[in-house]
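**Student:**
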Amino acid sequence: MMKKNSYIDRRSFILGSSLSLSCTSKVLSNNIAKKTNIVLIGGGWGGLSAAKTLRMLNKDCKITLIEKNKSFISCPISNWVIGQIKELNEISFSYNSFIKNNNINMVFDEVISIDPYRKYVATNDNKIVYDKLIISPGIQLDYSNIEGLSNVKDPSIFTAWNAGIETKVLAEKIRELKNGDNFIITIPLSPYRCPPGPYERTSLIASYIKKNKINAKIIVLDANQKVVSKGSLFKKAWKELYSDIISYNTDSQISSINIKEKKIFTNFEEFNYKFANIIPSQKAPDLLEKSGLIKKGRNWAPVNPYDFTSQYSKDIYIIGDSTDASSVGSIPKSGYVAYSMGKVAAYAAHYHLLGKLSPSPSMINTCYSLVSDREGISVSAVYHYNKEKNKIMSIKNASGLSPNRSELIALNAWDWAQAIWKDLLT
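In the numbering used here, the protein residues as written are 46 to 471.
This is the structure:
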């Protein structure tokens, strides 16, 4: 049962963060030269959080944010589009207010290389020199271990693990499900972006099938030995709401696919499908390995857990999904963690430019998941830096799982998302 102190009020956290940053900026802002250029890569939850924090800490330095997409589309809440609860335009936003209100130099371009020694970032059209660089690059999807899928495009196969046009297309395909159809979702071995995401997606598609009285099945092929996040609550909801719709299979990693015959194979079984949502293994983008920030053959970027500086460059900070948990600690790859990491990295970069030690980091994670179009579940945790273990660790008795699903949690989830978007994009 959840303890009362397990819940964290999201508005209080956001407001508290802003107030503390405002107070700090009065003391420190005039000490960094105007010519200083702090560059950020990635305009998602982590990059935007870091950029806004930097601007509140310092009104004078130049802040450059590089992002290849012209608009912000939120990965958190994107499952709601697939589940027919929201439209894509309801989770999509312009960067204009963010740029104007925070005096950000926004470069819409793709990064092609980083030179940690000469301290510049190269894009297709620009070469940008930095004093400090904060990288929040997200993930790269890796289909290489799925035979028959590499470099294949097929209208019955989707991933939709980066929110965007594929999210909308998958939502449209859900509406095409008919009696007798099988919809397959594959889940990779952990770690991957948003641990509860595949299970929420399964729930919302099942909710749509049930609501519209379609005699279709969802076959979940999970490479893991169990539901990796909020397992007891998801399994309870599936048993009570969708026992005749969801077939959940553990230790079932996809090994190959026959697109012509519409069959998916694991090491033990084969499954027929009408549509398949293949969520593959994931890793940090190749850009980081090519730039010398990840050793060849490794999937994630090692960082120093105190300030998220790269283990290979003291002037580069890496945050969000691309970081290596073996170096950081046991924190999930979630949007809210990236948001929290952005604040920590911004503080660290600011203090380091002053030649000072940054404050000991603390972070928060709140994660909501819907199990139907009306009910949700949640988990929250508070993290701090443990000096003895040199890791970010959760604080005992400051974490908790909601005791059950409820309509209130679903309402809170939308309220939470809107509060974060407002904080990031205004």
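Here a beta-carbon is modelled for each residue, glycine too, at the ideal position from N, C-alpha and C.
Once DSSP output is grouped into helix, strand and coil, what is the label at glycine 242?
**Tutor:** Glycine 242 falls in the helix class under three-state DSSP.
**Student:** Using 8 Å as the limit for Cβ to Cβ distance, is asparagine 260 near chain C?
**Tutor:** Protein chain content of the structure displayed is limited to a single chain, and chain C is not contained in it.
**Student:** With DSSP collapsed to three states, give me the class of glutamine 129.
**Tutor:** Coil, per DSSP.
**Student:** From this set, Val416, Ser451, Lys335, which residue's C-alpha is nearest valine 166's C-alpha?
**Tutor:** When each option's Cα is compared against that of valine 166, the closest is Lys335.
**Student:** If you draw a straight line from the C-alpha of valine 272 to the C-alpha of valine 424, how long is it?
**Tutor:** Rounded to the nearest angstrom, the two C-alpha atoms are 14 Å apart.
**Student:** Kindly indicate the opening and closing residues of the alpha helix (DSSP H) around valine 156.
**Tutor:** Premise fails: valine 156 lies in the beta strand (DSSP E), 156–160, not in any alpha helix (DSSP H).
**Student:** Taking DSSP as the reference, what is the three-state secondary structure of asparagine 147?
**Tutor:** Of the three classes helix, strand and coil, the one that applies to asparagine 147 here is helix, per DSSP.
**Student:** Indicate whether the contact test is met: 3 or more Cβ pairs, each with one atom in the segment 104–112 and one in the segment 145–161, closer than 8 Å.
**Tutor:** The segment 104–112 is in contact with the segment 145–161.
**Student:** What are the partner residues of methionine 438, as DSSP defines its beta bridges?
**Tutor:** Its beta-bridge partners are His429.
**Student:** Apart from the five residues just before and just after serine 189, which ones in its own chain have a Cβ nearer than 7 Å to its Cβ?
**Tutor:** Within the same chain, serine 189 has close Cβ partners Ser195.
**Student:** By the 10 Å Cβ neighbour count, where 16 or more other Cβ atoms means buried, how is aspartate 199 classified, buried or exposed?
**Tutor:** Exposed is the call here.
**Student:** Can the beta-carbon of lysine 223 be found less than 8 Å from the beta-carbon of isoleucine 259?
**Tutor:** Yes, Cβ-Cβ distance for lysine 223 and isoleucine 259 is below 8 Å.
**Student:** What distance in whole Å lies between the Cβ atoms of isoleucine 291 and threonine 212, which are believed to be in contact at a cut-off of 8 Å?
**Tutor:** Threonine 212 to isoleucine 291, Cβ: 21 Å. No contact.
**Student:** Between which two residues does the beta strand (DSSP E) containing lysine 177 stretch?
**Tutor:** 177–180 is the extent of the beta strand (DSSP E) around lysine 177.
**Student:** Touch check for the segment 405–420 and the segment 447–464: three-plus C-beta pairs under 8 Å?
**Tutor:** Yes: at least three Cβ pairs fall under 8 Å.
**Student:** Look at tryptophan 345 and lysine 359 and say whether their C-beta atoms are less than 8 Å apart.
**Tutor:** Against a cut-off of 8 Å, the Cβ pair of lysine 359 and tryptophan 345 comes out as no contact.
**Student:** Taking the alpha-carbon of isoleucine 136 as reference, which of Cys120, Ser326, Asn147, Ile144 has the nearest alpha-carbon?
**Tutor:** With distances taken between Cα atoms, isoleucine 136 lies closest to Cys120.
**Student:** Rounded to a whole number of angstroms, what is the C-alpha to C-alpha distance between isoleucine 263 and lysine 218?
**Tutor:** Computed Cα separation, rounded: 14 Å.
**Student:** Tell me the DSSP secondary structure of phenylalanine 353 in three-state form.
**Tutor:** In this structure, phenylalanine 353 counts as coil in the three-state DSSP scheme.
**Student:** In the DSSP assignment, what residue or residues form a beta bridge with aspartate 267?
**Tutor:** Its beta-bridge partners are Ile232.
**Student:** Where do the ends of the beta strand (DSSP E) carrying valine 84 lie?
**Tutor:** First-last of the beta strand (DSSP E) with valine 84: 82–86.
**Student:** Alanine 346 by DSSP, collapsed to three states: which one?
**Tutor:** Alanine 346 falls in the strand class under three-state DSSP.
**Student:** Would you report the Cα separation of serine 300 and asparagine 294, rounded to the nearest angstrom?
**Tutor:** The straight-line gap from Cα to Cα measures roughly 14 Å.
**Student:** Taking its Cβ as the centre, do 16 or more other Cβ atoms sit within 10 Å of glutamine 185, making it buried, or is it exposed?
**Tutor:** Per the 10 Å Cβ criterion, buried.
**Student:** Looking only at its chain, what residues have a beta carbon closer than 8 Å to the beta carbon of cysteine 68, apart from the 5 residues adjacent to it on each side?
**Tutor:** Low confidence applies here, because cysteine 68 scores a pLDDT of 41, under 50, leaving its location unreliable; read the following figure in that light. If we look at cysteine 68 and ignore the five residues flanking it on each side, it has no Cβ neighbours.
**Student:** I need the boundaries of the beta strand (DSSP E) containing valine 166, first residue and last residue.
**Tutor:** Note, valine 166: beta strand (DSSP E), 165–168.
**Student:** Measuring only the C-alpha atoms, how far is lysine 107 from proline 243?
**Tutor:** Roughly 39 Å separates the two Cα atoms.
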